[in-house]
Every structure is written in C-alpha cells, then in structure tokens.
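This report refers to the structure that appears directly beneath it.
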Amino acid sequence: MARTQGGESVLSRVVRIVDAFRPGDTALSVTEIASRSGLHIATASRLVEELTGFGWLQRDDDRKVRIGVKMWEAVSRASPTLSLREAAMPVMEDLHAIVGQHIQLGVMEGDEVLFVERLTAPGAVINYTRVAGRLPLHASSSGLLLLAFAPLIQQERIIKGPLEVFTERTISTASELRAALAEVRRQGYALLAGNIHPDVTGVAVPIRDPADKVVAALAVIVPNDDAARSRVAVLQAASKAISRAMKYPAPPPT
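This is the structure we're talking about:
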C-alpha cells in the first residue's frame, strides 16, 4: 500500500476524510474537512478532488463537499444490516400504522447504538435520533437492550463509565446500570423514561437472528406517561415477525 513521507498510508488519510462527516452533516467545506481530519489543507484538498473524480464524494454549487452516490451505493450493497433492514421494513411499516409513533431499528456499533432505520410520525413526541445517528448504549432503550445481551466483558467496560448524562433521569452510576441491565434480561424488554429528553419514553425489544443471538433492537418512542408499557406486547409481536423473516427470507421474485 502506498505510503506518504510521514509513513501514513494514503488509505488511512482517505478514511480520515470520510470520518470527518458526522451524523447530521450534509456538506462540509474543505477547510472543515482538513480541520476535523487533522490533515494539511493542501493534502485534504487534493484527496477530496481525487475522491470526487471517482464519484465517492461530490461538490455542491457552493463548492462544499458531500458523500457521493458511488460511496452510498457501495455501502448499501455491502452493509451487514441490509438483510436486517429488508426483513424489518414491512413489519416496521405495519407497526408504525398501528401505534402512530416514531419507530426505529438499532444495532450495536462499538460502545454505541447505531440507528439503521427510522419511521417518523407527524405530531409525535420529540425524537433526537436519525438514520445513521448514534447514542451511548446506557442512555437509550435500544442501547440498553443491546447492552443487556452483549458479552459480559463489554457490559463491564461500559458499567465502569464514564456514563454521559443527558437529563436528571439518565442512568449515571455503575450500580444503576447494573440493575437496569438485570431488569432488561429478566423482563425481556427495555423501558427508559426521560433518559434522553424529560418528556419522552423509549421502549425497545430484541430482534434475534437464526442462531437466537440478539442482533438488533426494535423501539418505539412515546410520550412519558403510564401508557408507555402498553406498547410492549405489539412491539414483541413485531420483533418476532422480523426474526422469523430473517430465518425464512422471502424468495426472490421470478
């Protein structure tokens, strides 16, 4: 692999450029990319131009840079979550019609939950998540659900902290988190009220692969009231339907 005079490979510099785009970013200037990536402005500009030529990045009329269509296509084709999303979407759409609230699908990515799909509901409660958005595992219902079924070594690492606090109800101590994880395993779902926003409750249930391993969390975001727990049964039915679809995928059209 080609390396620069400083010993860093060209590929690693390209990765730094791509990593400069954070959740919520639609376009960045070359100056912003250089600053975030730690690259010299001339190096960042040259690599951006090369990636633009390949279609992996693209320029707006105002010369700002965004992720290109070719990168999106490559990621979509190779994504390990593709089969999960294909199995989940029909069920999520039915669930969305029934509950009339935000529905989201999350997977574990490192020490965070990554939201790979989301259906919004007009007029529903506030929801800070978005597709490709992330939250700490301890702070959201989806993340807590995934952490509860994660390897013990990962659970212990997260429990040791630090635990980011969003509201006065966010889980913030090791003892609180340990107890919350045990409760999730005991009852089979996660319910967190006011942990991200004081007025919002997240309810999440597990999705299992054909080997019965928890691979994703299906969640609904509802008002912070006594009715939140009533969503559990319909969520569990939906998650089982997704798990079955992953085990017995529909045949391709003929």
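Position in the sequence shown (first residue = 1) + 17 = my numbering.
Positions of the beta carbon are idealized from the N, C-alpha and C atoms, including for glycine.
These numbers come from a predicted model, not from an experiment.
Per DSSP, the beta-bridge partners of Q75 are R83. Counting only residues of its own chain and dropping the five nearest sequence neighbours on each side, F183 has a CB closer than 8 Å to the CB of A156, N212, I213, H214. The straight-line gap separating the alpha-carbon atoms of T48 and A191 is approximately 41 Å. With a contact defined as Cβ atoms closer than 8 Å, L161 and A197 qualify at about 6 Å. Under the criterion of beta carbons closer than 8 Å, H119 and A149 do not qualify as touching, at roughly 16 Å. For E200, the closest C-alpha among the options I170, I259, F166 is that of F166.
Rounded to the nearest angstrom, the gap between the Cα atoms of G127 and A114 is 32 Å.
The shortest CA-to-CA distance from K230 to any of L56, M125, R33 is the one to M125.
Counting the other Cβ atoms within 10 Å of the Cβ of V237 gives 16 or more, which makes it buried. The C-alpha of G70 is placed about 49 Å away from the C-alpha of N241. The alpha carbon of R39 has as its nearest neighbour, out of S29, I50, R30, the alpha carbon of I50. The beta carbon of D216 sits closer than 6 Å to those of N241, all from its chain and outside the five residues before and after it, given in chain order.
For M125, the beta-bridge partners assigned by DSSP are V130. In the displayed model, A210 falls within a strand according to three-state DSSP. Uninterrupted alpha helix (DSSP H) stretches at least 4 residues long and entirely within the segment 207-264 occur at 249-264, given in chain order. Looking at the backbone, the Cα of S247 and that of A210 are separated by about 14 Å. Residue burial annotation: T218 is buried, with at least 16 other C-beta atoms found within 10 angstroms of its C-beta.
For Q75, the closest alpha carbon among the candidates L45, A262, G123, F132 is that of L45. L99 sits in a helix when the DSSP states are folded into three classes.
Cβ atoms of V220 and A245 come within 8 Å of each other, at about 6 Å. If you look at L45, you'll find it isn't in any alpha helix (DSSP H); DSSP assigns it neither H nor E. Taking the CA atoms as reference points, A233 sits about 35 Å from D77.
Residue state for I120 is assigned as strand, using DSSP reduced to three classes. CA-CA distance, T60 to R151, rounds to 29 Å. DSSP places P168 in the coil class of the three-state scheme, outside both helix and strand.
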